[in-house]
Each structure stands twice: as structure tokens, then as C-alpha cells.
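Heads up: the structure comes next, in C-alpha cells.
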Amino acid sequence: MVGGGSADLAPSVAVKVFSAGAAGCVADLVTFPLDTAKVRLQIQGESKPSLKGQRMKFRGVFSTILTMVKTEGPRSLYSGLVAGLHRQMSFASVRIGLYDSMKQFYSRGSESAGIGTRIMAGCTTGAMAVTFAQPTDVVKIRFQAQSRLLESGSVKRYSSTFDAYRTIARDEGVRGLWKGALPNITRNAIVNCSELVTYDIIKELILKNKLMTDNMPCHFVAGFAAGFCTTIVASPVDVVKTRFMNSTPGKYSGAMNCALTMLMKEGPTAFYKGFVPSFLRLGSWNIVMFVSFEQIKRGVMRFKQSMEPSL
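Position one of the sequence shown corresponds to residue 9 (our numbering), numbered consecutively onward.
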């Protein structure tokens, strides 16, 4: 990604990977309640088609958060947080930390990269990241959706994050931990391109036209634009991914069957369930993540530079 500070003049790949993973964790800590609300809204109505006039439990992001706090307690908003942090350390570090390296690979070391090169780099690192992070994503979504089982009188699926990994592997096989990998690869290729390419281009335009300097306000604007574009493009795939990964074995034959079932039973609007919390979450997540990423990256480079004279 473009940059202009002396402290982040030439960060190594290791610095970028570490900074991206740490920034992803910071962003998750700040925005996790919005992500949980998004998941609850996305899975609402999947067990049976909604009847005309039937009142849904969750009707909006803030209503969902308040309802969860009242009925399940504040801790429910952070259900699956440990798996979420596992996910970011293995996921954000790859898809964001390796983006510049992959961009240079496709542009054959050229300093100027076209939009096609950026898209290819975003798709590649997004797909690579899923290989490492898919089990953590499955467990995170299972925890965030878990209260629905309690409402029907069933016991909790899992008692802890590591119990979830063990139980899924035992009951569904190792393949169960990679359930929904195909829609997740599709989603994350789209999300990665939307986030990183939009951020990269907007930040570059701001700096080239000298609208702002390479500082927090610039990162804030570019991060907000990245979150907005990503939400519009990725919401349908995100809903299908959430439904499929949370489903019991055999409910859907595949991601396409899940999408068709949603379309037939709930209509096309089902693909944009949870859009507002998705936007609130992705917008705020991108802002926090990119601002944190730039600052952590610069902080690490300053620390390394300060240590050089003493070595």
C-alpha cells in the first residue's frame, strides 16, 4: 500500500504480517458486538419461512444488541471472540500483510500497479488466508449463533472455543472445520479486493492530489470508503456463508443449495439480511483496522530504528 512516512519507508514483510494481524485483533475487539448482531440477523428466519405479519425477534442492529443484552447478558455480544481473535491473527496477517508482496509479484517488481494487478493480488491473498483461517471462522460463527439452540430447549453446542474445534472434528470430521470453504473463498476474494483495492486507490488519490497528508484522517477516509464498497459487494455471499457454516450436517447439500433455498423460501431480500450491521461493522472495522495497521507498522519500524544504534 502507498505510504509516505519516514518510519514506514520500507517495512519488511514480517513487519507487515505482524502489524496486519495485530490490527485485525484490535478492530475485532472494537467491532465484535456489531458482527454478532449481523450474524443473528442473517440467520433469523432460516429454520422456517417467515409468515406474513409474523414478528421477528431481531429487527435492527441496535435493537438486536439491546435484546441480546437484556435476554442473554452483555457477554453474549462477545460470544466467539476467542475464535475471532484466532481468525484475525491467521487471516488478517496473510490477506493484508502479504498484499503488497503479492502486488509486486504480479507487477514484476514495478512500483506502479494497475487496478488489474491489485485485484489479482487481493484475490490471491484472500484465498490464501481462508486456507489458514477457515476452522476459526466456522467456530466463531457457531458461537455467535449458539443462543438459538437454547431458545428451542436444546443444550449448548460447545462449552469453549477449543471444545468446539474438538467436537466439530470428532462429529463432522476434519472436513467439518472447513465447512463452507468454497463460499468463504469466494466471499474473501471479493472482500479482500473491495477492501484493499479501494483503500489502496483512495489513499493514493488523496496523497497524489495533496488533499491530506499520510496520517490518521487520510487513513480514516480511505478505510470508510473501503468498508462501504465492501458491504455492497459482499453482503449476499456473506449471508450464504453464514447460513451454510452455521447449518447442521445434511441441511444443505452445498453453498449453492443454501443460496437457492434462501431464494425460494425467503426471497431475494434474504441476501441482504443484516445489511445495516454489516455496513456498520465493516465500515468501523476497516477504519479501526487500517488506522491501527498504519500506526502499528510505523511504531514497529520506529522501534527497530531506535534499536539499531545499540546493536
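We put the CB at the ideal spot given by N, CA and C, even for glycine.
Nearest by alpha-carbon distance to residue i: which of the options is it?
i: Cys237; options: Glu302, Asn223, Ser286 and Gly258; result: Ser286
i: Lys148; options: Ile210, Lys187 and His227; result: Lys187
i: Gln142; options: Lys312, Asn196 and Pro82; result: Asn196
i: Val241; options: Asp171, Asn223, Ala263 and Thr206; result: Thr206
i: Ala30; options: Ala230, Met97 and Thr144; result: Met97
i: Thr144; options: Arg178, Thr169, Glu316 and Gly68; result: Thr169
i: Phe113; options: Arg126, Arg103, Ser101 and Val102; result: Arg126
i: Ile295; options: Lys273, Glu316, Lys211 and Ala153; result: Lys211
i: Lys46; options: Met315, Glu302, Gly282 and Ser292; result: Gly282
i: Phe151; options: Ala137, Pro244, Ser84 and Ile193; result: Ser84
i: Leu204; options: Thr269, Gln313, Gly117 and Thr132; result: Thr132
i: Arg289; options: Thr239, Phe140 and Ser300; result: Thr239
i: Ser255; options: Ile51, Thr175 and Ser118; result: Ile51
i: Leu185; options: Asp246, Val299, Leu213 and Phe140; result: Phe140
i: Pro191; options: Arg165, Ser243, Leu74 and Lys273; result: Ser243
i: Cys33; options: Glu119, Gly307, Trp293 and Asp179; result: Trp293
i: Met297; options: Ile73, Phe99 and Gly117; result: Phe99
i: Ser101; options: Thr75, Phe301 and Glu274; result: Phe301
i: Val299; options: Val248, Val247 and Ala230; result: Ala230
i: Arg95; options: Ala278, Arg116, Ala234 and Val146; result: Val146
i: Ala189; options: Asp246, Lys216 and Gly235; result: Asp246
i: Gly134; options: Thr75, Asp208, Thr194 and Glu180; result: Thr194
i: Gly291; options: Ala234, Arg165 and Asp179; result: Ala234
i: Gly92; options: Thr44, Lys111 and Thr79; result: Thr44
i: Gly258; options: Val248, Glu180 and Gly307; result: Glu180
Please classify residue i: is it buried, with 16 or more other beta-carbons within 10 angstroms of its beta-carbon, or exposed?
i: Thr250; result: buried
i: Cys266; result: buried
i: Ala28; result: buried
i: Asn223; result: exposed
i: Gly122; result: exposed
i: Met128; result: buried
i: Lys305; result: buried
i: Lys218; result: exposed
i: Asp36; result: buried
i: Glu316; result: exposed
i: Val199; result: buried
i: Asp16; result: Low confidence applies here, because Asp16 scores a pLDDT of 45, under 50, leaving its location unreliable; read the following figure in that light. Asp16 should be labelled buried.
i: Phe252; result: buried
i: Val138; result: buried
i: Arg18; result: Going by the sequence as given, residue 18 is Ala instead of Arg. It is exposed - the Cβ of Ala18 has fewer than 16 other Cβ atoms within 10 Å.
i: Met270; result: buried
i: Ala263; result: buried
i: Gly61; result: Per-residue confidence for Gly61 stands at a pLDDT of 46, beneath the threshold of 50, marking its modelled position as unreliable; no derived number is given.
i: Ser314; result: exposed
i: Thr79; result: exposed
i: Lys111; result: buried
Would you kindly report the start and end of the unbroken alpha helix (DSSP H) that includes residue i?
i: Asn217; result: Asn217 -> no alpha helix (DSSP H), and no H or E assigned at all.
i: Gly88; result: Looking at the DSSP string, Gly88 is not in any alpha helix (DSSP H), and its letter there is neither H nor E.
i: Pro225; result: Met224 to Asn254
i: Met9; result: No alpha helix (DSSP H) contains Met9, which DSSP labels as neither H nor E.
i: Tyr173; result: Thr169 to Glu180
i: Tyr107; result: Tyr107 to Tyr114
i: Trp293; result: Phe283 to Met315
i: Glu119; result: Premise fails: Glu119 is in no alpha helix (DSSP H) and is neither H nor E.
i: Pro41; result: Val21 to Ile51
i: Arg195; result: Ala189 to Asn200
i: Leu204; result: That residue, Leu204, is in no alpha helix (DSSP H); it is neither H nor E in DSSP.
i: Phe279; result: Run containing Phe279: none; DSSP gives neither H nor E here.
i: Lys259; result: Lys259 -> no alpha helix (DSSP H), and no H or E assigned at all.
i: Ser71; result: Val69 to Glu80
Cβ of residue i less than 8 Å from any chain C Cβ?
i: Phe301; result: Checking the listed chains, one finds no chain C in this structure; it contains a single protein chain.
Between the stretch 91-108 and the stretch 22-33, do at least 3 Cβ pairs fall closer than 8 Å? yes
Under 8 Å, with one C-beta from each stretch per pair, do the stretch 82-92 and the stretch 38-46 reach the 3-pair mark? yes
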